[in-house]
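Chemist: Here the protein sequences line up with chains A and B, keeping their order. First residue of the first sequence? That's 22 in the working numbering, and the numbers climb one at a time after it. First residue of the second sequence? That's 22 in the working numbering, and the numbers climb one at a time after it.
There are 2 protein chains.
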Amino acid sequence: MTDQAPSPIVDRLREEGRRITRERRLLLEIIERNPHLDAAGIYLLAHQQNAKIGLATVYRTLNLLTELELVDVVSLGEDHSHYEIRGDDHVHLVCLDCGSVREIPPLPDFRSLDEIEGFEVHQAHLELIGLCEACRKKRASNESKGTPA
Amino acid sequence: MTDQAPSPIVDRLREEGRRITRERRLLLEIIERNPHLDAAGIYLLAHQQNAKIGLATVYRTLNLLTELELVDVVSLGEDHSHYEIRGDDHVHLVCLDCGSVREIPPLPDFRSLDEIEGFEVHQAHLELIGLCEACRKKRASNESKGTPA
DNA sequence: ATGGCTGCAAACACTTTGCATCGGC
DNA sequence: GCCGATGCAAAGTGTTTGCAGCCAT
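#1: CB B:Leu147 to CB B:Arg160, shorter than 8 Å?
#2: On the DSSP bridge list, what partners appear for A:Cys116?
#3: Does any C-beta atom of chain B lie closer than 8 Å to the C-beta of A:Ala145?
#4: Which chain A residues are close to B:Gly120, counting only those with a beta carbon under 8 Å from its beta carbon?
#5: I want to verify the contact list: residues of chain B whose CB lies under 8 Å from the CB of A:Ile125, in sequence order.
#6: Going by DSSP, name the residue or residues bridged to A:Ala145.
#7: Based on DSSP bridge pairs, tell me the residues matched to A:Glu105.
#8: Identify every residue that forms a DSSP beta bridge with A:Leu58.
#9: Considering Cα atoms alone, identify which of A:Gly38, A:Ile63, A:His57 is closest to A:Glu44.
#10: Give the C-beta separation of B:His57 and B:Val112 to the nearest angstrom, bearing in mind that I take them to be a contact with Cβ-Cβ under 8 Å.
#11: Counting contacts by CB-CB distance shorter than 8 Å, is A:Glu90 in contact with chain B?
#12: Could you work out which residues of chain B lie near A:Glu36, taking near to mean beta carbons separated by less than 7 Å?
#13: Can you pull the chain A residues whose beta carbon is under 9 Å from the beta carbon of B:Val142, in chain order?
#14: Rank A:Glu50, A:Leu97, A:Gly108 by C-alpha distance to the C-alpha of A:Cys179 and give the top, closest one.
#15: So A:Glu36 is in the alpha helix (DSSP H); what residue range does that whole segment cover?
#16: Taking the straight line between their C-alpha atoms, what separation do you get for A:His103 and B:Val31?
#17: Between which two residues does the beta strand (DSSP E) containing B:Arg81 stretch?
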């Protein structure tokens, strides 16, 4: 709880001359442990460990980390943003029925994409929207019970 | 101007028992002609031809079309939604500097993707964030003039 | 001790909704 | 004529910002 694991992100903040506060450390830990959470979800978890933390701090921290390119913003088909530590590129599989999000490694063909038709690619966001295996089966069994699409 | 081009989307609305109003026809035409506009942009264009149209109608129409899967919502890295007629899958190249959005055909490898690891793919959204050719050159020439990143 | 960071609340931008009226069918 | 669609304005979300006090450096 009180031990502070060494983190390249904390180092990076220090390099930038930013201050390492209790709030930032807490938020970072939460974001690192829970990929693609939204601001409200991050706030909720943070609040459990520090009842005084404000939603504004969550947003300010997320914006800071985004500017420093330490976190990525992803949309996941929702009307608000989700956040994740920037790491290896990956693909998001978003289920239409249960909303679950699964991450898989990049498809082979665009793993190494760094330029295409004169466009210099910095980031690739691939989102596949559809049905996860469980919801697919659920739908199939509902249909046979007489509840077609 | 007053002629009403036949449209599969209008047919589809009729099939669904929805009413074909002047407003819906106007909005459809705008969306068809201007890919990935946001609600405000659509409203602006619509307003030029029908000063009485309301923003609420724009949103209600976009939601209707989205539910019927006739239009897609795309995020394009902005904090609000953009809309486009659902058609062939394509890739968006979004420029970090000028914000321009270019569409290109799907990358070969995921063109035919309809299932992956048990997940049933309905839609694929691929967004490449980076620098368009013009902005790339602009940056290069600025750097040589002594304005590094 | 200094200036960046925080919490709070008010402000903002985008989107949705209630209600009376209008107009497609 | 009926009932869905519209316009307006008010209410709802998610996010940002102003300001006084706090705390990492």
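Glycine included, C-beta positions come from ideal geometry on N, C-alpha and C.
Modeler: This is what the structure holds:
#1: In the second sequence, the residue the question calls residue 147 of chain B occupies position 126. In the second sequence, the residue the question calls residue 160 of chain B occupies position 139. No, they are not a contact pair.
#2: Residue mapping note: residue 116 of chain A aligns to position 95 of the first sequence, counting from 1. A:Gly151, per the DSSP bridge assignment.
#3: Working through the first sequence from its first residue, we reach residue 145 of chain A at position 124. Interface residue, yes.
#4: The sequence position of residue 120 of chain B within the second sequence is 99, counting from 1. Chain A residues near B:Gly120: none, gap ~14 Å exceeds 8 Å.
#5: The residue labelled residue 125 of chain A in the question sits at position 104 within the first sequence. Near A:Ile125 (Cβ distances below 8 Å), the residues of chain B are Ile137, Glu138.
#6: On the first sequence, position 124 is the one that residue 145 of chain A refers to. DSSP, once it has assigned bridges, lists B:Leu149 as partnering A:Ala145.
#7: Here the question's residue 105 of chain A lines up with position 84 in the first sequence. DSSP output for A:Glu105 lists A:Asp93 as bridge partner(s).
#8: Residue 58 of chain A sits at position 37 when you count from the first residue of the first sequence. Per DSSP, A:Tyr104.
#9: To locate residue 44 of chain A, count along the first sequence from 1; it is residue 23. Per the Cα distances, A:Ile63.
#10: For the purposes of this step, residue 57 of chain B is taken as residue 36 along the second sequence, with counting starting at 1. For the purposes of this step, residue 112 of chain B is taken as residue 91 along the second sequence, with counting starting at 1. 12 Å between Cβ atoms; not a contact.
#11: Numbered from 1 along the first sequence, position 69 holds the residue referred to as residue 90 of chain A. By this cut-off, A:Glu90 is not an interface position.
#12: Numbered from its first residue, the first sequence carries residue 36 of chain A at position 15. What A:Glu36 touches in chain B: nothing, since even the nearest Cβ is about 16 Å away.
#13: For the purposes of this step, residue 142 of chain B is taken as residue 121 along the second sequence, with counting starting at 1. Per Cβ cutoff of 9 Å: Leu114, Leu149, Ile150, Gly151, Leu152.
#14: Given a span of 22 to 170 for chain A in the structure shown, any question on residue 179 of chain A remains unanswerable.
#15: Locating residue 36 of chain A in the first sequence gives position 15, where the first residue counts as 1. Counting along the chain, the alpha helix (DSSP H) containing A:Glu36 begins and ends at 29 to 36.
#16: The residue you call residue 103 of chain A lines up with position 82 of the first sequence. The residue you call residue 31 of chain B lines up with position 10 of the second sequence. Approximately 35 Å between the Cα atoms of the pair.
#17: Residue 81 of chain B sits at position 60 when you count from the first residue of the second sequence. Run containing B:Arg81: none in the beta strand (DSSP E); it sits in the alpha helix (DSSP H), 76 to 88.
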